[in-house]
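Visitor: Residue numbering for the sequence shown follows the numbering used here, beginning at 788 and increasing consecutively.
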Amino acid sequence: MAAAGSESAGDRIAWATPVPKVQNDDELNAYLLQCCRDEMQRSVAGQSQTIGQRFEQDRAAACPLPPRPFDPCIYQPAKVDKYQTAAFDTNHPDPVGPGDED
């Protein structure tokens, strides 16, 4: 058995193995939320801070969200060949033109 506070492959899947026995989606969501809250209190081997403390440091250092939402995908119809590959035009125009900056 791993030492307290250390991480093993089994720790990462313990939330869903065995499959949680719940009556509905609300119970499953509540169970998963509690698992997340418990995880925030755990510390990883070699670290003096909890996962939650380190997450708050990362969040403080992260860039803010953009001022308006954007879709990071380009939707383009394509034909798939017999090798299950599709050609994609990589010479697409920049969706943000001059003057669109906020």
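Beta carbons are placed, not taken as given, at the ideal position from N, Cα and C, and that holds for glycine.
Spell out whether any CB of chain B is found under 8 angstroms from the CB atom of glutamine 863.
Guide: Reference to chain B is not applicable here, since this structure consists of a single protein chain.
Visitor: Just to confirm my understanding: we take leucine 815, look at its own chain, exclude 5 residues before and 5 after, and list those with CB closer than 7 angstroms. What are they?
Guide: Once the five neighbours on either side are set aside, the close Cβ partners of leucine 815 are Pro807 and Val809.
Visitor: Considering only the alpha carbon of each residue, which of Ala865, Gln840 and Thr804 lies closest to arginine 829?
Guide: Gln840
Visitor: Leaving out five residues on either side along the sequence, give the residues of the same chain with a beta carbon under 8 angstroms from the beta carbon of isoleucine 838.
Guide: Glu826, Met827, Gln828, Arg829, Ser830 and Val831
Visitor: Between glutamine 863 and arginine 855, what straight-line distance do the alpha-carbon atoms span, to the nearest angstrom?
Guide: 23 angstroms
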